[in-house]
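Written below as structure tokens is the structure these notes are about.
Structure, rendered in structure tokens:
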């Protein structure tokens, strides 16, 4: 493999890693405040893809992206009020069972509304071509995916570091009781964070729609790899999720090329190694 072709494969790894980051950072934010392992997150990714697809058919691709993110953010706020908040303090297995039930409900909803047949989201004309990088063609849309993932990471980092509510989020993730005693409405903060987390699931679903076939089961594989990212990076760690997503994106893409027989197994082996030798993940356990 030449250096130019290898660079293209690295870029493809960044594309997949970027999608994983956008999905998994939503899990990180939700777990950081609600301590909820949300098994429905992959189905929210899937619903976001379908919502973006439907809106795009009527109003265009860009409106579809924004519409899916907003719709899933609203759904996330309702989910926090109606499900996560009442389950606070319950046995963790109850939350796992409830969110798994939501996964099944959302898949049935997708089957009912959009059917079992696969769909594809066409790209706008301006993004349907390719650019030449060191003599090798690379799809323009994939560069957009990398750019969106970078923008999401930068925006979240600035929000968490410099905004007032970002300060509340970081404080609540460390000690919600003391934060509440200081006068912070932690329920309101949690609702905002869950809305952002599910909104990012909707955003990533729509962005992934032109690259994947839309089906009610499409959230399963992304959910599994997102959990691997969260575990490897550190439960509740924003920076850890970024590092782990980029690493697993490269492992996934280069593994398919060099060791296709083991490509799906390597991320699981990495997770097992982290759990054995560093259970808190690459970057610890706090946002």
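Numbering (the numbering used here), first residue to last: -4 to 282. Just so you know, even glycine gets a beta-carbon here, dropped at the ideal spot from N, CA and C.
Indicate whether residue i and residue j have their beta-carbon atoms separated by less than 8 Å.
| i | j | result |
| --- | --- | --- |
| residue 202 | residue 126 | no |
| residue 144 | residue 16 | yes |
| residue 152 | residue 19 | no |
| residue 35 | residue 97 | yes |
| residue 228 | residue 239 | yes |
| residue 90 | residue 101 | no |
| residue 226 | residue 269 | yes |
| residue 116 | residue 47 | yes |
| residue 186 | residue 258 | no |
| residue 24 | residue 192 | yes |
| residue 231 | residue 26 | yes |
| residue 118 | residue 56 | yes |
| residue 63 | residue 200 | yes |
Between the options, which lies nearest to residue i when the distance is taken from Cα to Cα?
| i | options | result |
| --- | --- | --- |
| residue 170 | 219, 147, 29 | 29 |
| residue 2 | 223, 242, 129 | 129 |
| residue 85 | 137, 114, 102, 32 | 32 |
| residue 133 | 6, 265, 167, 274 | 6 |
| residue 61 | 198, 247, 257, 263 | 198 |
| residue 111 | 263, 211, 218, 273 | 211 |
| residue 12 | 100, 264, 246, 276 | 246 |
| residue 205 | 37, 25, 52 | 52 |
| residue 207 | 114, 277, 182 | 114 |
| residue 218 | 109, 273, 95, 149 | 95 |
| residue 4 | 244, 263, 59 | 244 |
Could you tell me if residue i is buried or exposed, where buried requires 16 or more neighbouring beta carbons within 10 angstroms of its beta carbon?
| i | result |
| --- | --- |
| residue 253 | exposed |
| residue 41 | buried |
| residue 75 | buried |
| residue 21 | buried |
| residue 174 | buried |
| residue 66 | buried |
| residue 99 | exposed |
Taking only the alpha-carbon atoms, compute the straight-line gap between residue i and residue j and give it to the nearest angstrom.
| i | j | result |
| --- | --- | --- |
| residue 135 | residue 122 | 6 Å |
| residue 234 | residue 43 | 24 Å |
| residue 163 | residue 137 | 35 Å |
| residue 306 | residue 190 | Absent from the model: residue 306. The displayed extent of the chain is -4 to 282, so no value can be given. |
| residue 214 | residue 39 | 8 Å |
| residue 261 | residue 275 | 20 Å |
| residue 285 | residue 221 | For residue 285 there is no data in the structure shown, the boundaries of the chain being -4 and 282. |
| residue 272 | residue 266 | 10 Å |
Can you tell me the Cβ-Cβ gap for residue i and residue j, rounded? I've got them flagged as a contact below 8 Å.
| i | j | result |
| --- | --- | --- |
| residue 177 | residue 0 | With 8 Å as the limit, residue 177 and residue 0 do not qualify as a contact, their Cβ atoms being about 55 Å apart. |
| residue 147 | residue 166 | Incorrect: roughly 22 Å between the Cβ atoms, too far for contact. |
Between residue i and the ligand ZN, is there a pair consisting of the residue's CB and a ligand heavy atom that are separated by less than 7 Å?
| i | result |
| --- | --- |
| residue 47 | In terms of ligand content, the structure shown is empty, and the ligand ZN therefore cannot be addressed. |
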